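Reading through the structure tokens given below for one structure.
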Amino acid sequence: MNRIAPSADPKDTTVAMRGMVKRFPGIVANDHVDFTLRRGEVHALIGENGAGKTTLMNMLAGVQRPEEGEIFVHDKSVQIRSPRDADQCGIAMVHQELMLAEALTVAENVALGLRNLKWQIHWSSIERSIEEQSRVLGFDIDPRAYVWQLSIGQRQRVELLRALMRGARILLLDEPTAVLSPHEIHQFLASLRRLTAQGMSIALVSHKLEEIVQIADRFTVLRKGRGVVSGVPTASTSQTELASWMVGQKIDKPCHDVRSPASDVEVLDVHDVHACGDKGFEALCHVSFKVFAGEILGVAGVSGNGQRELADVLSGMRPITSGRITLCGNDVTHATPARFLRAGLAYIPENRRTQGAVTSLSLAENLALKTYRQPPIAKRWGLSRKEMRSFARRLVDTFHVQAVSLQQPAGHLSGGNLQRLILARELSRPISLLLAAQPTRGLDIAATRNIHDLFMAQRKAGVATLLISEDLDELSSLCDRLIVLFRGRIVARFDRASFHRDAIGRAMAGIETSA
Numbered sequence: 033m034n035r036i037a038p039s040a041d042p043k044d045t046t047v048a049m050r051g052m053v054k055r056f057p058g059i060v061a062n063d064h065v066d067f068t069l070r071r072g073e074v075h076a077l078i079g080e081n082g083a084g085k086t087t088l089m090n091m092l093a094g095v096q097r098p099e100e101g102e103i104f105v106h107d108k109s110v111q112i113r114s115p116r117d118a119d120q121c122g123i124a125m126v127h128q129e130l131m132l133a134e135a136l137t138v139a140e141n142v143a144l145g146l147r148n149l150k151w152q153i154h155w156s157s158i159e160r161s162i163e164e165q166s167r168v169l170g171f172d173i174d175p176r177a178y179v180w181q182l183s184i185g186q187r188q189r190v191e192l193l194r195a196l197m198r199g200a201r202i203l204l205l206d207e208p209t210a211v212l213s214p215h216e217i218h219q220f221l222a223s224l225r226r227l228t229a230q231g232m233s234i235a236l237v238s239h240k241l242e243e244i245v246q247i248a249d250r251f252t253v254l255r256k257g258r259g260v261v262s263g264v265p266t267a268s269t270s271q272t273e274l275a276s277w278m279v280g281q282k283i284d285k286p287c288h289d290v291r292s293p294a295s296d297v298e299v300l301d302v303h304d305v306h307a308c309g310d311k312g313f314e315a316l317c318h319v320s321f322k323v324f325a326g327e328i329l330g331v332a333g334v335s336g337n338g339q340r341e342l343a344d345v346l347s348g349m350r351p352i353t354s355g356r357i358t359l360c361g362n363d364v365t366h367a368t369p370a371r372f373l374r375a376g377l378a379y380i381p382e383n384r385r386t387q388g389a390v391t392s393l394s395l396a397e398n399l400a401l402k403t404y405r406q407p408p409i410a411k412r413w414g415l416s417r418k419e420m421r422s423f424a425r426r427l428v429d430t431f432h433v434q435a436v437s438l439q440q441p442a443g444h445l446s447g448g449n450l451q452r453l454i455l456a457r458e459l460s461r462p463i464s465l466l467l468a469a470q471p472t473r474g475l476d477i478a479a480t481r482n483i484h485d486l487f488m489a490q491r492k493a494g495v496a497t498l499l500i501s502e503d504l505d506e507l508s509s510l511c512d513r514l515i516v517l518f519r520g521r522i523v524a525r526f527d528r529a530s531f532h533r534d535a536i537g538r539a540m541a542g543i544e545t546s547a
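Just so we're aligned, residue 33 is where the sequence shown starts under my numbering, counting upward by one.
The following block contains the structure:
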């Protein structure tokens with residue numbers, strides 16, 4: 033059933049996309065999709081992974097070209113075939129992966145996107161403009177600071193400033209709060225309201241239904257490339273209804289509170305670990321904790337506070353400068369990644385496309401990466417392709433990976449299906465510790481629920497899990513205990529009975545510590 037909002041073309045419409053079509057090999061990403069954006073509103077675009085949300089925004093931003101359809105900006109038909117065309121129409125997109133040069137200052141990053149720069153750049157003028165715009169929006173941004181010195185939330189604001197100083201009046205935001213702390217999310221949403229009060233039009237791609245209900249004026253839902261709900265006022269819709277529209281069925285909230293207690297069998301012992309980051313500065317300092325069989329220990333923190341380095345250390349990909357790590361009674365302090373795997377580690381890395389899978393290889397080849405040296409895939413004369421396909425088919429069916437064929441390149445999968453593929457590979461062998469870093473980032477409700485159910489099944493089977501996440505709802509739902517990292521140190525520890533969102537959020541911001 034399609035549901036269309038009344039008066040879809042009022043006089044204050046700034047963008048109208050009509051009948052947009054975009055095809056990729058084997059899939060129609062957008063199938064005659066309509067989308068409108070009005071002056072001074074936030075219009076949320078929601079849907080499952082692979083529904084076509086980012087593709088639609090990429091066409092409006094000039095990143096991808098439509099095969100059919102029309103785009104109108106301020107009632108004028110326009111051809112947007114490049115980001116330059118979008119820029120000339122006053123359209124700017126802030127991508128989920130921020131596109132800032134870390135080695136440059138804020139002012140230098142902003143200058144990279146400015147039009148009509150003369151051969152001599154007046155830096156004082158640019159810095160003054162940044163300070164004025166920051167003051168108007170309530171940002172606290174030093175134009176002379178280097179980007180690498182900024183928090184993720186501050187970098188997000190720099191991206192917004194850069195778009196605004198290029199003259200953008202139409203903002204496209206793709207999962208803008210995915211890596212922000214609760215405090216930063218609150219500030220960011222307040223900034224969006226200030227922008228719409230100035231007449232800015234904002235299209236927001238997000239999976240966070242609580243934020244959509246809070247900030248969006250209207251919403252559109254895409255499902256399998258088609259618009260099933262278009263321009264409906266958010267005020268009359270609940271989070272439950274939004275979730276049902278997204279997946280096409282009612283979503284029951286998972287209940288993970290009825291759980292058996294964890295055992296006293298120690299699986300992982302991290303004692304007084306210190307490690308350096310990529311730039312040579314200390315990224316982990318006096319980090320100590322234990323994980324027991326049949327429990328999920330969560331690691332909370334704003335991005336950039338040592339979580340990535342901790343995952344690297346516990347997978348053997350980053351050396352420590354001091355301390356001790358024991359896995360299942362084995363000293364793995366200076367072990368290689370291969371030895372960590374032999375000791376019982378399964379690892380779900382933060383970046384599923386660059387670390388978790390070889391996207392150019394087929395599904396069958398990716399699923400065999402951890403077992404290709406073992407029978408029945410390994411034979412005396414080489415690899416048995418027949419056994420590899422049989423092994424892959426069993427895992428694809430068991431973990432419900434939706435794919436065209438086993439020979440399909442892994443890079444063609446949606447985010448949710450690729451994550452299921454990685455989990456299938458990691459859980460296809462006996463393990464003692466599951467290390468998962470940001471496992472549901474960017475995934476829709478159904479895919480997230482599926483991943484969570486897999487984690488709870490592993491907990492029930494006695495596997496110890498270390499869950500590194502910036503999603504407090506995820507941590508609160510799944511974890512038995514929680515530690516908070518701030519500037520590379522554990523600043524707070526919580527057991528399940530003391531999980532309070534405000535207290536955890538304050539610890540993530542370094543405001544309150546209890547470790």
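C-beta: ideal position from N, C-alpha, C; glycine also. All of these numbers come straight from a predicted model, not from anything done at the bench.
Which stretch, first to last residue, makes up the beta strand (DSSP E) that contains residue i?
i: M125; result: 123-126
i: N344; result: Sequence check: residue 344 is Asp here, not Asn. Here D344 belongs to no beta strand (DSSP E); instead the alpha helix (DSSP H) covers 339-346.
i: R513; result: 513-518
i: I500; result: 496-500
i: R194; result: Not the beta strand (DSSP E): R194 falls in the alpha helix (DSSP H), residues 184-197.
i: D172; result: Run containing D172: none; DSSP gives neither H nor E here.
i: R525; result: 521-527
i: A468; result: 465-469
Let me check one thing: in DSSP terms, what residues is residue i bridge-paired to?
i: E298; result: F324
i: N362; result: L359
i: L77; result: V237, T252
i: F313; result: Looking at the DSSP assignment, F313 forms no beta bridge with any residue, so it has no partner.
i: P441; result: S394
i: R50; result: E102
i: D66; result: Note: D66 sits in no beta bridge, so no partner.
i: V331; result: I500, I515
i: V319; result: V305
i: F56; result: I59
i: T45; result: R70
i: I202; result: I123, S233
Where do the N-terminal and C-terminal ends of the alpha helix (DSSP H) with residue i fall, by residue?
i: H484; result: 477-492
i: E506; result: 504-510
i: D534; result: 533-540
i: I454; result: 447-458
Are the CB atoms of residue i and residue j nearer to each other than 8 Å?
i: R513; j: R528; result: yes
i: L146; j: R198; result: yes
i: T497; j: L466; result: yes
i: M232; j: R201; result: yes
i: V260; j: R194; result: no
i: A456; j: V436; result: no
i: N81; j: A535; result: no
i: V60; j: L88; result: no
i: S183; j: V331; result: no
i: L555; j: R385; result: Nothing about residue 555 can be read from this structure; the chain reaches only from 33 to 547.
i: R481; j: A210; result: no
i: L212; j: I247; result: no
i: V179; j: L132; result: yes
i: L377; j: I515; result: no
i: T358; j: D301; result: yes
i: I244; j: T266; result: yes
i: S508; j: F487; result: no
i: A177; j: T137; result: yes
i: L165; j: L196; result: The identity of residue 165 in the sequence shown is Gln, whereas the question assumes Leu. Closer than 8 Å, so yes.
i: S295; j: F251; result: no
i: I112; j: G94; result: yes
Original post:
Between the region 227-237 and the region 69-76, are three or more C-beta pairs nearer than 8 Å?
Top reply: yes
Original post:
What residue ranges within the region 205-280 form continuous beta strand (DSSP E) runs of no fewer than 3 residues, ordered along the chain?
Top reply: 233-237, 250-255, 258-265
Original post:
Any chance the region 187-194 sits against the region 101-113, with 3 or more Cβ pairs inside 8 Å?
Top reply: no
Subject >> the region 486-494 in contact with the region 349-357 per 3-pair CB rule at 8 Å >> reply: no
Original post:
Is the region 511-526 touching the region 297-317 in the sense that three or more CB pairs, one from each, lie closer than 8 Å?
Top reply: yes
Original post:
Are three or more beta carbon pairs between the region 92-103 and the region 47-66 nearer than 8 Å?
Top reply: yes
**OP:** Could you say if the region 410-421 and the region 364-371 meet the contact criterion of at least three C-beta pairs nearer than 8 Å?
**Re:** no
Original post:
Which runs of the alpha helix (DSSP H), 4 residues or longer, sit entirely within the region 355-420?
Top reply: 369-374, 395-399
Original post:
Counting only runs that start and end within the region 83-170, where is the alpha helix (DSSP H) found for 4 or more residues in a row?
Top reply: 85-92, 115-120, 138-144, 155-169
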